[in-house]
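Presented below is the structure to which this report refers.
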Ligand SMILES: [Zn+2]
């Protein structure tokens, strides 16, 4: 017997023993140690504020006393969860820092800032010994997180596991109206620091608990403002939390892939930096504690199966323990599907850890109120044997009891089985590194000749931010590609971006020994899959497929996100492990596209490839003279696409600096190209929001800020008051509101009750800042609609998408475009293929065909050449012949007269309007003249190749229909999107459709070919 196998056997025995231990007993009884003194006064208050004894547990129905360490009362003035008390973030931090200064078991770390400059923190609580060796422990865990450091040596790993303690990371109040976790986590930190009961001591000795008490800090402070307003205005309705963070509300929990928000980056860096094993995120929208750790199908397809087992082990154990406490309404499984990796907690699932999420029950504030539940909430089901009560008085203290009890049980379980979970952590990390040899792929390759180096660099930087290593090939290399047969995916297409075929332009497809090969040029980037965070890259870059007949009918979120496709970046999934032998070097810093000015002359040319940095460039030099070419051309030995920039009267060295920074190649020349050009201006942009919801437009604002495209932020109420919008703006963007019906945009909120102010005041210092109003209720109004119409009439450009496209169509802003109601269509946040219809439109500049776009159920546009016409595809019956003589394709013949030739029926493609007939043109009051007709720029692809990624059912209802339409509106234009071009930081490839429209707002008719009649 070798030493190695001996150790393996010992390991096996110990694993068995620990696993058995995990299942049978945390032998230490949960609850207070009678020998330990209790803070009587605090304990009395806990019991007073808890509305029923069964809404508490032996773990939280007392507070241990400490002579040195102050309780949360020191800051709150009462106990955690007390009615009427909701601390600001700085108060929570003050308490955590008080803990730090009074206990060697607590350490506070600053983990970054929010968009508005507020601090985020993480609080570590453990034994003195563990806190003293935090850094050494971290260094040990780092070897488990990246087993390449120990050559994947299991024996070595065992030694490290034996000498390390795991890190359990808890995050609170990412969702600002879910208000309970800060006080729960203050008290939890106190308990972990001072309680000498064996149960808590065991946690402290064997685990580092890491706590971020407030994730959405900007939103927390606003929420506390609103609550203070509510307390100061008893009996009145209070304003809803229209803004949480600077940009988005609830969707701050959909950013774990795109990392657009500071809070996500800060939590990710903390999780990765600490080499934590768990990320446990606290929410409060389900009674009384839904541990959705187990969740429902389908599970994310890229997680390590070990994680699925961990979810079950942890989730069911958690519920089991709390069931024994007799607390009603604790359950797991539930209805939350575990498909999308966009949730904050999924940072752990995608980085070899364990993701967890609690939904407890909050009152959106600290009032104690009677809560009545719906039958679906209080019914008993197989996974909820002790359901919540149909009606109960509910307090924030109850919520804090549930949160802390669940967490203490979880921490206890994890501490007891720390070695078991560390071993899993190591194994999952190792499995990630072994990916090329097991499931594959070997690597994702980003070809060195991608025509969009800026977009490519952007996506690679995102992967770097996710913790992935990126390599660059220093010589060309060739790999074998899978042969072309495509089973399983009915709507398969040869995609130009992702896909395991010969995706991409150019040099694919040589046959070598029968197998197709592909050669990638030097300079191609590789994301190798033999690295510890390969899993997140695979999740983000692969295609998703959600079967239309999947048993899961309550789809929780988007079904697809494929970043290569949505980023308009070529990404090739390579299975051939030979890819890993290519000559390559690891990219040291951030991936950057090469840029700068080359050549001589005072005219500067920039190719238009739809890289978003081009918009930044235009606004950086807003006083320079920019023109855009209406046709492709060649100059300075280079091919330039239609739309390429011709820049004059600009300082060369400034331009060079900007081009280097932005990764744009600029060619200096003496001769401007001879093709037709038109000026592109630094248009004056406004983004208009409602006071109904700001989240979906928030994603637009975020990207405008990212690319430094300036805009004024206005509300529908501002537009209602402004009769001359053209004096201030060239472009008004009405981004999606999110499920708003057009009438609501006009009417706003009901005017029955009291005014709802959203503004800064002494009572509410954190409101305002983004936008303000005396009363959130009034909407756009009919006057506002008129002002908007006049804006377009007089030459402005109005941009709308999804539900605001519906708004524009409903109120007559889109003559010739109507919207068809879907019948069986289901597109649940999917990636669909588009086809180019009019590449000469300035909106399409820089784009080639087959752009992938993000679609969530339409709208389905139909076109007509008459105002009010229904248009679009004619009903099949129209084109079928009527009963009579002859074959199906033959004409009928009335008897006793000679046959006549039938007049030709007007024909049109689905995305076109049917040509006007002579009958329609006779006294054509409703006929739209050719120059005023809608111009389709992109359409959805044919059914067969429509689906790129995600769920698509009855896709024929939207296939071939127009997706992006430029509608002339007297002197101006309305640009309609069926897709959402700017969504959750995931659709970087379609942003430039919007930027093109802005830059060419007064030249949108360029390249237009008009119908004859
Ligand atoms: Zn939530």
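Numbering (our numbering), first residue to last: 211 to 1223.
Cβ coordinates follow ideal geometry from the N, Cα and C atoms, glycine included.
Only a predicted model underlies this, so the values are computations on that prediction, with no experimental measurement involved.
Three-state class that DSSP yields for residue 345 in the structure shown:
helix
The alpha helix (DSSP H) that contains residue 1097, what's its start and end?
Neither: residue 1097 is in no alpha helix (DSSP H) and is coded neither H nor E.
Residue ranges of each beta strand (DSSP E) run of no fewer than 3 residues wholly in the region 734-798, ordered along the chain?
735-738, 782-784, 794-796
Give me the Cα-Cα distance between residue 921 and residue 779, rounded to the nearest whole angstrom.
27 Å
Report all residues from its chain with a CB closer than 7 Å to the CB of residue 841; omit the five preceding and five following residues, and keep chain order.
852, 885, 886
By how many angstroms is the C-alpha of residue 504 removed from the C-alpha of residue 522?
5 Å
So if I measure from each beta-carbon to every heavy atom of ligand 1 and keep distances below 6 Å, which residues remain?
385, 388, 493, 495
At which residue ranges does the region 561-636 contain complete alpha helix (DSSP H) runs of 4 or more residues, listed in the order of the chain?
585-588, 606-626
For residue 250, report the span of its alpha helix (DSSP H) as first-last.
250-259
What would DSSP say about residue 1199, mapped onto helix, strand or coil?
helix
Presumed contact (8 Å Cβ cut-off) between residue 423 and residue 392, rounded CB distance
5 Å
How many Å lie between residue 948 and residue 264 at the Cα?
40 Å
What's the call for residue 294, buried or exposed, on a 16-neighbour Cβ count within 10 Å?
exposed
Any chance you could list the beta strand (DSSP E) runs of at least 3 consecutive residues sitting entirely within the region 410-437, in chain order?
418-422
Pairwise C-alpha distance: residue 737 and residue 1213
41 Å
Tell me the DSSP secondary structure of residue 1014 in three-state form.
helix
I need the DSSP call for residue 323, collapsed to helix, strand or coil.
strand
Taking 6 Å as the limit between beta carbons, can you name the residues of its chain near residue 663, skipping five residues before and five after?
803
Roughly how many angstroms separate the alpha carbons of residue 856 and residue 890, rounded to a whole number?
10 Å
Going by DSSP in three states, residue 708 sits in which element: helix, strand or coil?
Below a pLDDT of 50, predicted positions are generally treated as unreliable, and residue 708, at 43, falls in that range; the measurement from the model is reported next regardless. Note: residue 708 maps to coil in three-state DSSP.
DSSP beta-bridge partners of residue 1064:
1041
May I have a chain-ordered list of the beta strand (DSSP E) segments no shorter than 3 residues that lie completely inside the region 935-1007?
941-944
Using a Cβ-Cβ cut-off of 7 Å (strictly less than) and excluding sequence neighbours within five positions of residue 1220, which residues of its own chain qualify?
1140, 1141
Between residue 832 and the rest of its own chain, which residues show a CB-CB distance below 8 Å, the 5 nearest in sequence each way excluded?
892
Below 8 Å, can you find three or more Cβ-Cβ pairs linking the region 297-308 to the region 615-630?
no
So, at 8 Å on beta carbons, what are the nonlocal neighbours of residue 447 in its own chain, with the 5 sequence-adjacent residues on each side left out?
963, 964, 966
Report the option in 1047, 327, 242 whose CA atom is closest to the CA atom of residue 1121.
1047
So, for residue 472: in the same chain, excluding its five sequence neighbours on each side, which residues have a beta-carbon less than 6 Å away from its beta-carbon?
324, 325
Please classify residue 1082: does DSSP put it in a helix, a strand, or coil?
With a pLDDT of only 44 at residue 1082, under 50, the local geometry of the prediction cannot be trusted, and no value is derived from it.
Inspect the beta-carbon positions of residue 1160 and residue 769 and report whether they are closer than 7 Å.
yes
As a quick exercise: from 1105, 896, 1104, 1050, pick the residue whose alpha carbon is nearest that of residue 1001.
896
For residue 1006, which residues of its own chain have a beta-carbon under 6 Å away from its beta-carbon, when the five flanking residues on both sides are left out?
936, 1182
Are residue 1168 and residue 1150 closer than 7 Å when you measure CB to CB?
yes
Between 571, 578, 511, which has its C-alpha nearest residue 1227's C-alpha?
Residue numbering for the chain in the displayed model covers 211 to 1223; residue 1227 lies beyond these limits and cannot be assessed.
Report yes or no: do the region 527-539 and the region 330-349 share at least 3 C-beta pairs separated by less than 8 Å?
no
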